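Chains as they are written, first to last, in the numbering used here: chain A, 13 to 483; chain B, 13 to 483. For reference, the structure is listed below as structure tokens.
2 protein chains.
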Amino acid sequence: MSSAKNKKTPTRATALPEEFARELEEMFNGRFSRSDSIRDLHSRDESYFPPALPWAVVFPESTDEVAALVRACNRHNVPMVPFGAGSSLEGHVLPVHGGISVDLTRMNRIRAIHAEDRDVVVEPGVTRLQLEKALAEHGLFFPVDPGADATLGGMVATRASGTTTVRYGTMRDNVVCLEAVLADGTVIRTGRRAKKSSAGYDLTRLFIGSEGTLGVITEITLRVHGIPEGISAAVCSFPDLRSAVESAVEVIQWGVPVARLELLDEVQIAAVNAHSKLDHEEVPTLFFEFHGSPSGVEEDARTASDIAKEHGGREFRWATAAGERNELWRARHEAYFAALALRPGARVMSTDVCVPISRLVECITETKAEVSKASFPVPLVGHVGDGNFHLLLVIDPSSPDELDEAHALNRALVERALRMGGTCTGEHGVGIGKQRWMELEHGPALDVMRAIKTALDPKGLMNPGKLLPPR
Amino acid sequence: MSSAKNKKTPTRATALPEEFARELEEMFNGRFSRSDSIRDLHSRDESYFPPALPWAVVFPESTDEVAALVRACNRHNVPMVPFGAGSSLEGHVLPVHGGISVDLTRMNRIRAIHAEDRDVVVEPGVTRLQLEKALAEHGLFFPVDPGADATLGGMVATRASGTTTVRYGTMRDNVVCLEAVLADGTVIRTGRRAKKSSAGYDLTRLFIGSEGTLGVITEITLRVHGIPEGISAAVCSFPDLRSAVESAVEVIQWGVPVARLELLDEVQIAAVNAHSKLDHEEVPTLFFEFHGSPSGVEEDARTASDIAKEHGGREFRWATAAGERNELWRARHEAYFAALALRPGARVMSTDVCVPISRLVECITETKAEVSKASFPVPLVGHVGDGNFHLLLVIDPSSPDELDEAHALNRALVERALRMGGTCTGEHGVGIGKQRWMELEHGPALDVMRAIKTALDPKGLMNPGKLLPPR
């Protein structure tokens, strides 16, 4: 991989050139801001990293405006950092090398709903709950559901997934094609609306998970699904963590087509109870959902329930009406905020790994043994049907000792997952926080990623300081 | 996309340097050949393109040997063309710029079957029927089934799909990760065995469909599936093509989770009857398969059958026993050879496109009206559940008139598909034959592909003359 080496990165600007600021002011009028409050809002996400202020914030409203902005930034060697809901968990949107925060939330139109093709075309600032509402009228839904009400652009950029990934896949599987603005301002389309294609390199998948480092995503065509006829959700309590995880693994290995299969440990359940005023028994708990025809759902649920019972699980508590189900999953989606509420003033260092399902019991039980000795609360919650789980390290970010302890736990978790054939992040992305393991996880393939980055962004202006570790 | 421009491609060798031949002879001993018969076997695939002889053929048996070979070729600026079953349809394996044909069929070991994780690790020369047999013992199957008994390496390289893609996806969806040898001999792994990951650029998907132009694939980890409890197949005849396609589209839009949904027009049915000694009524026909629990399969089949009847379809003729089903699908898989047998001495120009399902009726009926006037047989066969269909242009390749006519029909088909938001190839790949439409399909995104190619293969030695059109 020699091609990327020995190339000198052109000098990035270190502050906003005044003439450029005037240029942007003229281009964007009231949608260009250098105010402290606006910059502050764009200096942080949901991670524990110290804020980093952008030099200015721009709010484009169209692909053409994004392209014009990118061309201008490119001319002035000014870094660009796309910004959506600010709900990233590894510092993705923090302008650590300064530059312009490109706030895409005004590009929030749903451009087309092709119900007959089961796809929709959205702008990157559309949020998942906004989309959910628009699709429901057509009897459709979009399955990928990270905890936050993230923007679809952010979800593409981090290759997000969620509770339904076990059945419907991640963003990788649910994006048809993209429009993106490259580092030099060129607007490309990465594919067509056909369901499959063998016509060249898969640029769609290259941009999914690229975290803003290859270009700015300006339009997304998503695959959507018909709302199933039968939906049924259930909660099942277990005497201990191992039996809960063993049940989950067995349900998957048995081939039950669960739509959701979530684990909350007793710490997380207690947090959820307190935060969402619920009364779940405070023990390790699996949350299930089944989709299909009414008879299929019943069949699947019976199999899962039988497996759970064999492992000491209690009776399934059902939620079949839509209202009850939403209530149940709201609790799950608020896990992060429930964890945050455990300690006033705390921040959550949220980390996630994913391992082959055959190693999940071992990985979770070893991890749990370790974090149960931590000096702060560490809820464990997971998309266990995928072999993916999270630790929410609820720390006082002003305490160096707690930060050190949290970093050590995170390191141990990631290295355990890598040893077991897993990945350093199943769904949060690399951002700032996971860069240190990219070499260990990818070896020489990391140089391929660098070569691609250099080929598409030779000046290193697209979200610099993210995804790829410094050499 | 300026970075890739103005770069001079280093001069490729135009013949096999004698010292290099001796080097290879020493390295590979009896597994290096310059014999005419061996070279001839590696000069062609199933396409209509004139053969192109490699300078020599090498049969590596391990990743290390491939890496050593690639390093040596790189040193001598000698092109490399990976070769598997030779069943590609767009000239992918033809060494049009000379060089070494890298025959990977001796790398045909199944390295691991992880039944508990539903994945398998195979070498690139393993064929799909070989894999099918090995998996069956474990109650597992691999769904992607192009017509030929292709190698898995070739299937990755062309992003192959098949009759079950409507339910289980293409190679894109069924490859977990890869090992590949890059142009400079570096061996990389593109990912881990975890079910999902957000750790960096999706190199796995970049290599799937790259047609040997970015590196040589030396190991493949595939997702496999449990053989469903209930499987049932059926055939349904229709009074005309439109009603058959309309039924297929409606089955998909209704959300019936069919496992297979294939169309054979009356010309293809006649060919299959003659070739496989069958007695299907010679009218447009849909072939269905349903997978699931026994009750689910029944439910799905009833819905599909009701839809077909509304469109004038006959009674479903069922094949539920495994033997009958295999017989039924064998006929479908032999469609290509059945077409070839229509005219002794003929070649098949096999082309495929894929359009959004909402445009499929229009696309197929327009196409059929055109090809029914052709001066040679043109069976139409399709994975219609995906919006994907094929024309098999059964031509005398020595007739310039027939070649011209076939090219014109192919061009009209592709341009129709592109106009309808589709792609110039749903599953055959670009190879030589579809290059001329890459610009029209991808616009400026084609330059991104070129930039990636230049970054990973700066000397242009990896399967030159394929996928990317000349500038």
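Heads up, the beta-carbon is just placed ideally off N, CA and C, and yes, glycines get one too. Remember, it's a predicted structure, so these values are computed and weren't measured experimentally.
Skipping 5 residues on each side, what residues in its chain have a beta carbon closer than 8 Å to that of residue i?
{"i": "A/S209", "result": "G203"}
{"i": "A/D291", "result": "N285"}
{"i": "B/M13", "result": "Summary for B/M13: the model assigns pLDDT 40, below 50, so the residue's position carries little reliability; its value from the coordinates is reported in the next sentence. Excluding residues within five positions, the ones whose Cβ falls inside 8 Å are P456, D459, V460, R462 and A463."}
{"i": "B/A260", "result": "L273, L275, L298, L372, V396 and G397"}
{"i": "A/S222", "result": "A169 and L479"}
Could you tell me if residue i is buried or exposed, where buried requires 16 or more neighbouring beta carbons within 10 angstroms of its beta carbon?
{"i": "B/T485", "result": "Given a span of 13 to 483 for chain B in the structure shown, any question on residue 485 of chain B remains unanswerable."}
{"i": "A/T26", "result": "exposed"}
{"i": "A/E327", "result": "exposed"}
{"i": "B/K289", "result": "exposed"}
{"i": "B/W266", "result": "exposed"}
{"i": "A/N41", "result": "exposed"}
{"i": "A/N18", "result": "Confidence at A/N18 is low in this model, with a pLDDT of 46, below 50, so the placement of that residue should be treated as unreliable; the coordinate-derived value is given next. With fewer than 16 other Cβ atoms within 10 Å, it is exposed."}
{"i": "A/R344", "result": "buried"}
{"i": "B/S387", "result": "exposed"}
{"i": "B/G434", "result": "buried"}
{"i": "A/A97", "result": "buried"}
{"i": "A/R217", "result": "buried"}
{"i": "A/E322", "result": "exposed"}
Less than 7 Å between C-beta atoms, sequence neighbours within five positions excluded: which residues of the same chain meet that for residue i?
{"i": "B/V263", "result": "V270, L273, A316 and I319"}
{"i": "A/G151", "result": "G238 and I239"}
{"i": "B/R428", "result": "C375, E378 and T379"}
{"i": "B/L253", "result": "D277, P296, I376, T377 and K380"}
{"i": "B/E417", "result": "A386 and S387"}
{"i": "B/V236", "result": "R130, D131, V132, L147, L152, F153 and F154"}
Rounded to whole angstroms, how far is the Cβ of residue i from the Cβ of residue j, which I believe are closer than 8 Å?
{"i": "A/G443", "j": "A/K478", "result": "6 Å"}
{"i": "A/P476", "j": "A/R24", "result": "7 Å"}
{"i": "B/R205", "j": "B/D131", "result": "6 Å"}
{"i": "A/S100", "j": "A/E149", "result": "Contact flag wrong, Cβ pair sits at about 30 Å."}
{"i": "A/M183", "j": "A/V193", "result": "The pair is not a contact, with the Cβ atoms about 19 Å apart (cut-off 8 Å)."}
{"i": "B/L226", "j": "B/D469", "result": "6 Å"}
{"i": "A/D129", "j": "B/P368", "result": "5 Å"}
{"i": "B/P136", "j": "B/T163", "result": "6 Å"}
{"i": "B/V365", "j": "B/L425", "result": "6 Å"}
{"i": "B/A172", "j": "B/P158", "result": "5 Å"}
{"i": "A/R179", "j": "A/D161", "result": "Going by Cβ atoms, the distance from A/R179 to A/D161 rounds to 21 Å, so no, they are not a contact pair."}
Would you tell me roughly how many angstroms separate the C-alpha atoms of residue i and residue j, rounded to the nearest one?
{"i": "B/G399", "j": "A/E241", "result": "25 Å"}
{"i": "A/V138", "j": "B/V82", "result": "47 Å"}
{"i": "B/A211", "j": "B/A124", "result": "25 Å"}
{"i": "A/L298", "j": "A/S255", "result": "10 Å"}
{"i": "A/L53", "j": "A/I407", "result": "22 Å"}
{"i": "B/G335", "j": "B/N422", "result": "37 Å"}
{"i": "A/D185", "j": "B/E37", "result": "45 Å"}
{"i": "B/G224", "j": "B/E31", "result": "26 Å"}
{"i": "A/W449", "j": "A/V247", "result": "35 Å"}
{"i": "A/F219", "j": "A/G325", "result": "42 Å"}
{"i": "A/H303", "j": "B/R121", "result": "38 Å"}
{"i": "A/E453", "j": "A/K446", "result": "10 Å"}
{"i": "A/M92", "j": "A/H109", "result": "9 Å"}
{"i": "B/P62", "j": "A/T230", "result": "43 Å"}
{"i": "B/S15", "j": "A/L106", "result": "Low confidence applies here, because B/S15 scores a pLDDT of 43, under 50, leaving its location unreliable; read the following figure in that light. Looking at the two C-alpha atoms, the distance is approximately 27 Å."}
{"i": "A/T484", "j": "B/S307", "result": "Residue 484 of chain A lies beyond the stretch modelled for chain A, which goes from 13 to 483, so this question has no answer here."}
{"i": "B/E293", "j": "B/S249", "result": "7 Å"}
Only counting the same chain, and skipping five residues up and downstream in sequence, which positions put a Cβ closer than 6 Å to that of residue i?
{"i": "A/Y60", "result": "R359, M361 and P409"}
{"i": "A/K393", "result": "One detail in the question is off: residue 393 of chain A reads as Val in this sequence, not Lys. The residues are L276, Q280, A347 and H402."}
{"i": "B/D115", "result": "V69, F71 and F95"}
{"i": "A/A351", "result": "A283, V360, P391, L404 and V406"}
{"i": "B/W330", "result": "A246"}
{"i": "B/P251", "result": "G324"}
- Task: List in chain order: all unbroken beta strand (DSSP E) runs of 3+ residues lying wholly within the stretch 240-266 of chain A.
- Result: Every beta strand (DSSP E) stretch that sits fully inside the stretch 240-266 of chain A and reaches 3 residues is listed by chain position as 242-249.
- Message: My parser needs the beta strand (DSSP E) runs of 3 or more residues fully inside the stretch 30-75 of chain A; what are they?
- Response: The stretch 30-75 of chain A contains these whole beta strand (DSSP E) runs: 68-70.
- Entirely within the stretch 325-354 of chain A and at least 4 residues each: give me those alpha helix (DSSP H) ranges in chain order. Look at the stretch 325-354 of chain A and you find these whole runs of alpha helix (DSSP H), each 4 residues long or longer: 334-345 and 347-352.
- Would you mind listing the alpha helix (DSSP H) stretches within the stretch 157-241 of chain B that are 4+ residues and don't spill past its ends, in chain order? Residue ranges of uninterrupted alpha helix (DSSP H) with 4 or more members, entirely inside the stretch 157-241 of chain B and ordered along the chain, are 164-169, 177-180, 183-186 and 215-219.
- Message: So within the stretch 69-137 of chain B, which uninterrupted alpha helix (DSSP H) runs reach at least 4 residues, ignoring any that extend past its ends?
- Response: Restricting attention to alpha helix (DSSP H) runs no shorter than 4 residues, the stretch 69-137 of chain B encloses them at 75-87, ordered along the chain.
- Message: As an exercise, report each continuous alpha helix (DSSP H) stretch of at least 4 residues that is fully enclosed by the stretch 367-418 of chain A, in chain order.
- Response: Complete alpha helix (DSSP H) runs here, min 4: 372-383.
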